[in-house]
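Just remember that this note's numbering sits 6 ahead of the position in the sequence shown, which is counted from 1. Let me begin by presenting the structure, written as structure tokens, before commenting on it.
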Amino acid sequence: MSALGKVVRAGVGRKRVQTLVMVLTTMASVTACVLAVGLLVAARGPYQRSFADQHGAHLNVLYDPAAASPAQLAAAAHAPGVTASAGPYAAVTVQPRAGEDSSIPPPGSPLPAMTLVGRAQDGPLDGLRITMGRWVAGPGEVVFPDGRSPLAVGESLRFPDLPGQPTLKVVGLASSVSWSADGWVAPEQLAGLTAPGTTPAAQYLYRFAHAGTDAELEADHAALAAAVPAGALTRATSYRPAQQEADRTASTFVPFVTAFGVLGLAMSVLIIGVVVSGAVTAATRRIGILKSLGFTPAQVARAYVGQALIPAGIGTALGVLGGNLLAVPVLGIARKALRGGLLGIPLWVDLAVPAAALAAVAGTALVPALRAGRLRTVEALAVGRTAPGGKQAAARRAPGRAPGRAGAAGLLAGVRNAIGRLPVPRSLSLGLASPLNRPGRSATTGAAVVLGTAGVTLCVGLTLSLGLLQDGLEAGRAGEVVVQAPIEGTTKPPERVDEAAVARAIAARPGTRAWYSSVPTPVAVAGNTGRSEVVAFSGDASWSGYQLVSGRWFRGAGEVVVGAAYLRANQAKVGDTVTLTDHGRTTPATITGEVLTTGDFVYVDRATLAPLGGTVAAEAISFRIDLEPGTDAKAYVDALDGAVRPLGLGAEPGERHINIVVLAMNTLAGTLTLLLSVVAGLGVLNTVLLDTRERVHDLGVLKALGMSPRQTVGMVLTSVCGSGLVAGLIGVPIGIAVHHEVMPAMARAAGVGVPDGDLGVFEPAVVGPLILGGLVLALLGAVLPATWAARTRTVTALRTE
């Protein structure tokens with residue numbers, strides 16, 4: 007081994023604690039960067055990757071077998087523009103009800119009409135990926151699309167209108183990038199699901215050369231219709247709704263992942279810079295020894311760059327491994343929320359991030375190593391043996407020192423004197439003055455703590471805001487008790503629900519605090535270019551949790567509130583007038599507010615629809631009830647259920663639904679914040695460790711003069727208190743500012759606005775602990791060096807320089 011190699015190996019082995027800190031710091035930094043970049047890649051175009059992997063279909067077409075022969079249907083695969091096809095698969099449209107083992111919705115309640123297709127799991131197009139449970143093994147089983155299943159795995163649905171009243175058990179959930187069906191069954195099951203006198207439809211799946219826009223898909227649809235007899239093509243659905251929903255969900259991840267990625271990158275660069283430059287600077291005396299032995303400045307620089315790269319290389323390798331291991335659960339949650347995307351970190355990320363990290367380490371180590379290598383041998387030996395407190399004086403005595411440094415040294419001396427006069431114990435004043443020994447190093451470490459505090463603030467703000475947004479989006483499901491209809495077991499479902507009787511039963515029940523009912527109506531909006539659904543309310547919905555982005559809730563007849571989707575589609579604004587129409591009758595209404603909802607809804611008071619004279623479907627109506635504090639919810643539900651059951655309804659406890667997208671975002675934010683906090687804590691640990699090592703002789707003197715271990719710990723911990731408090735005061739406003747930029751960007755990507763109340767989550771009770779969080783983060787990083795300093799024996803410290 008060459009002399010240079012021996013120097014590198016000896017330097018790495020001699021400073022074991024410092025080497026370990028560098029390994030851990032680099033590992034945490036690289037882990038955070040790998041995970042952040044991987045998440046950012048996963049959030050960009052997940053649908054396109056899944057569409058390619060699962061051989062998605064552009065159009066899902068149902069044909070009437072009675073209107074075209076099998077040969078004619080097969081010939082449609084050669085229509086202009088078709089590049090691939092699959093089918094035929096038998097398909098039926100049925101109207102099921104929830105089975106007796108259903109939890110949500112209640113047993114016997116009607117489920118939405120659904121198209122079930124008999125096919126195998128794999129095929130030339132639209133390969134299905136099981137996400138929960140298993141694929142159907144035979145008749146009596148069904149698999150639903152993941153994210154659009156009306157029932158949970160293990161529950162069942164019934165078909166009371168079909169001969170034999172068949173029952174299907176949900177055995178699994180599958181991912182379909184084409185949304186090709188509402189459920190899949192074994193092909194031999196279709197005969198039992200076909201109503202007498204009818205024939206299952208024939209489903210074909212197609213891919214086209216050009217299908218990137220709605221206009222191109224319309225042309226493809228027309229080409230298929232022209233290739234078969236008139237009337238044979240009964241229905242065609244495209245992949246575009248699935249793509250738009252996936253892209254909209256994915257785009258909401260980009261702003262906050264980018265924000266955390268930028269914070270993590272900046273913090274990693276700062277901390278790695280502090281660790282590496284501190285290690286080289288601390289070895290100034292050793293550099294002088296090497297120069298006295300004949301090493302050239304270039305050899306010295308290479309030696310110390312090598313000493314930095316070895317532990318950094320180990321930490322980088324461990325960081326890549328940790329990032330990939332951590333990505334398995336984290337990206338798994340993200341994939342479920344995005345309904346597609348990556349399951350692991352791409353190879354180029356595993357190569358690019360370590361290369362950038364090692365380049366940062368090499369560049370950071372090279373600057374102080376070259377500077378130290380250019381020092382004269384005597385000067386390097388003198389500076390290296392001088393305690394930090396006297397380093398400025400030694401530097402001033404060295405030839406070639408810039409005269410302007412004397413003013414800065416005088417300013418620092420004045421600050422030290424001011425701190426020394428504070429009415430605190432001497433050990434604490436010494437700790438407060440410690441950062442002035444290395445102001446550059448302390449400032450850089452403080453900046454890293456600032457970024458760590460900003461990351462924690464951003465995470466807390468996102469968690470609180472996303473929770474409030476979820477509450478607003480789930481407001482339609484609010485209520486401690488829910489009454490909906492009809493349930494199986496009544497003598498005969500009524501053609502129309504007697505709302506007045508239900509309202510009287512609810513109002514008369516002790517413990518009722520407030521209630522409201524809502525029901526979708528067939529009413530349309532005149533001139534509506536979208537597909538708005540008009541929902542009518544009765545009762546008091548003020549407690550329900552519906553959030554307004556702007557304006558106010560309707561107060562009676564002639565007023566409506568709408569979602570952002572309606573405003574966008576119709577280029578409308580709050581204050582405009584809409585015209586509601588039904589069966590030739592119309593009535594005007596004023597838009598009084600924009601409500602937080604991802605759907606294209608128009609919410610009205612039932613009195614607004616009175617001039618239209620319309621009716622609503624009995625089975626669609628539902629009542630939401632809020633209870634008085636202290637009311638026994640179970641006893642209330644049991645009593646109310648007995649009162650409304652004769653009316654064709656059923657009462658049940660309300661349940662809160664977990665939004666997988668919000669859950670994924672909170673998980674990702676928490677994971678990245680934890681990593682950033684670890685990086686910041688390691689940066690503080692390294693800085694305090696270097697300062698403590700450099701001042702070990704001073705510690706020996708102080709111990710010899712009577713400083714106790716407890717006072718030593720207090721002195722070391724106090725050295726980071728100032729920077730920790732300043733970091734909190736600076737980092738929290740930065741985190742709040744980033745939060746106020748990220749949340750609206752995420753909302754815009756999701757197609758909604760953010761209510762002011764969901765942004766204003768930083769109340770004093772939240773901000774206060776966050777500001778102290780910078781101090782806590784700094785103190786946690788200083789605990790180990792403080793313990794080491796307290797345990798160092800006086801004799802050992804006095805003999806160490």
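By construction, the Cβ of each residue, glycine as well, lies at the ideal position given by its N, Cα and C atoms.
For residue i, the first and last residue of its enclosing beta strand (DSSP E)
{"i": "E658", "result": "G656 to P659"}
{"i": "Y609", "result": "F607 to D611"}
{"i": "E565", "result": "E565 to V568"}
{"i": "T811", "result": "This structure cannot speak to residue 811, because the chain is shown only from 7 to 807."}
{"i": "L434", "result": "From DSSP, L434 is part of no beta strand (DSSP E) but of the alpha helix (DSSP H) over R432 to A439."}
{"i": "P352", "result": "Per DSSP, P352 belongs to no beta strand (DSSP E) and is neither H nor E."}
{"i": "P151", "result": "E147 to P151"}
{"i": "T173", "result": "T173 to S181"}
{"i": "W190", "result": "G189 to V191"}
{"i": "V584", "result": "T583 to D588"}
{"i": "S184", "result": "That residue, S184, is in no beta strand (DSSP E); it is neither H nor E in DSSP."}
Where residue i sits in the DSSP three-state scheme
{"i": "Y245", "result": "coil"}
{"i": "V819", "result": "Coverage of the chain is limited to positions 7 through 807, which leaves residue 819 absent and any answer about it impossible."}
{"i": "A399", "result": "The predicted position of A399 is uncertain, since its pLDDT is 40 and thus under 50; a value taken from the coordinates is nonetheless stated next. Note: A399 maps to helix in three-state DSSP."}
{"i": "W794", "result": "helix"}
{"i": "A645", "result": "helix"}
{"i": "E539", "result": "strand"}
{"i": "W559", "result": "coil"}
{"i": "Q577", "result": "coil"}
{"i": "L2", "result": "Any answer about residue 2 is impossible in this case: the structure gives the chain only from 7 up to 807."}
{"i": "I512", "result": "helix"}
{"i": "Y210", "result": "strand"}
{"i": "S6", "result": "An answer regarding residue 6 cannot be provided, because it is not within the stretch 7 to 807 covered by the chain."}
{"i": "D234", "result": "The sequence as given places Val at residue 234; Asp does not occur at that position. The answer is coil: DSSP assigns V234 none of H, G, I, E or B."}
{"i": "L357", "result": "helix"}
{"i": "L4", "result": "Outside the modelled stretch of the chain, which goes from 7 to 807, sits residue 4, for which no answer is possible."}
{"i": "G329", "result": "helix"}
{"i": "V531", "result": "strand"}
{"i": "F259", "result": "helix"}
{"i": "F629", "result": "strand"}
{"i": "G458", "result": "helix"}
{"i": "L778", "result": "helix"}
{"i": "S298", "result": "helix"}
{"i": "S544", "result": "strand"}
{"i": "G406", "result": "Unreliable positioning characterises G406 in this predicted model, as indicated by a pLDDT of 44, which lies under 50. The coordinate reading is nonetheless provided below. G406: coil per DSSP, three-state reduction."}
{"i": "L157", "result": "coil"}
{"i": "S35", "result": "helix"}
{"i": "S162", "result": "strand"}
Whole-angstrom C-beta distance between residue j and residue i, which should lie under 8 Å
{"i": "F165", "j": "V100", "result": "6 Å"}
{"i": "S6", "j": "E505", "result": "Lying outside 7 to 807, the shown extent of the chain, residue 6 is not represented and no answer is given."}
{"i": "A233", "j": "A81", "result": "7 Å"}
{"i": "V123", "j": "L199", "result": "Wrong, their Cβ atoms sit about 11 Å apart, outside the cutoff."}
{"i": "V566", "j": "Y522", "result": "No, V566 and Y522 are not in contact; Cβ-Cβ is about 16 Å, not under 8 Å."}
{"i": "A375", "j": "V311", "result": "6 Å"}
Spatial neighbours of residue i in its chain, beta-carbon cut-off 6 Å, leaving aside the 5 residues before and after
{"i": "A238", "result": "Y69, D70, A73 and A74"}
{"i": "A649", "result": "A511"}
{"i": "G458", "result": "L682, S683, A686 and L783"}
{"i": "P261", "result": "V748, A751 and M752"}
{"i": "D188", "result": "M120 and T121"}
Own chain, CB closer than 8 Å to residue i, minus 5 neighbours either side, in chain order
{"i": "V138", "result": "One detail in the question is off: residue 138 reads as Met in this sequence, not Val. The answer, listed in chain order, is D152, V159, G178 and L179."}
{"i": "L681", "result": "A34, T37, A38, L41 and G270"}
{"i": "A408", "result": "Residue placement at A408 cannot be trusted, given a pLDDT of 46 that sits under 50; the coordinates are not used to answer."}
{"i": "E161", "result": "A104, G105, D107, S108, S109, K175 and V176"}
Same chain, Cβ closer than 7 Å to residue i, five either side skipped, listed in chain order
{"i": "P405", "result": "For P405, the predicted model reports a pLDDT of 41, less than 50, meaning its position is unreliable; a value from the coordinates is still stated below. Nothing listed; no residue qualifies."}
{"i": "R213", "result": "A63, H64, T89, A90 and L131"}
{"i": "V773", "result": "V738"}
{"i": "I777", "result": "G734, L735 and V738"}
{"i": "R574", "result": "none"}
Where the alpha helix (DSSP H) through residue i begins and ends
{"i": "Q490", "result": "That residue, Q490, is in no alpha helix (DSSP H); its beta strand (DSSP E) goes V487 to Q490."}
{"i": "R591", "result": "Where R591 is concerned, there is no enclosing alpha helix (DSSP H), although the beta strand (DSSP E) it sits in stretches over R591 to V601."}
{"i": "T204", "result": "Segment: none, T204 is in no alpha helix (DSSP H) and carries neither H nor E."}
{"i": "P739", "result": "P715 to A756"}
{"i": "A217", "result": "Element bounds for A217: n/a, residue is neither H nor E."}
The ligand ADP heavy atom lying under 8 Å from the CB of residue i
{"i": "G590", "result": "Although the ligand ADP was asked about, the structure shown includes no ligands whatsoever."}
Let me know the beta strand (DSSP E) ranges lying completely inside the stretch 64 to 141, each 3 residues or longer, listed in chain order. Taking 3 residues as the minimum length, the beta strand (DSSP E) runs contained wholly in the stretch 64 to 141 are 65 to 69, 88 to 100, 120 to 124 and 135 to 139, in order along the chain.
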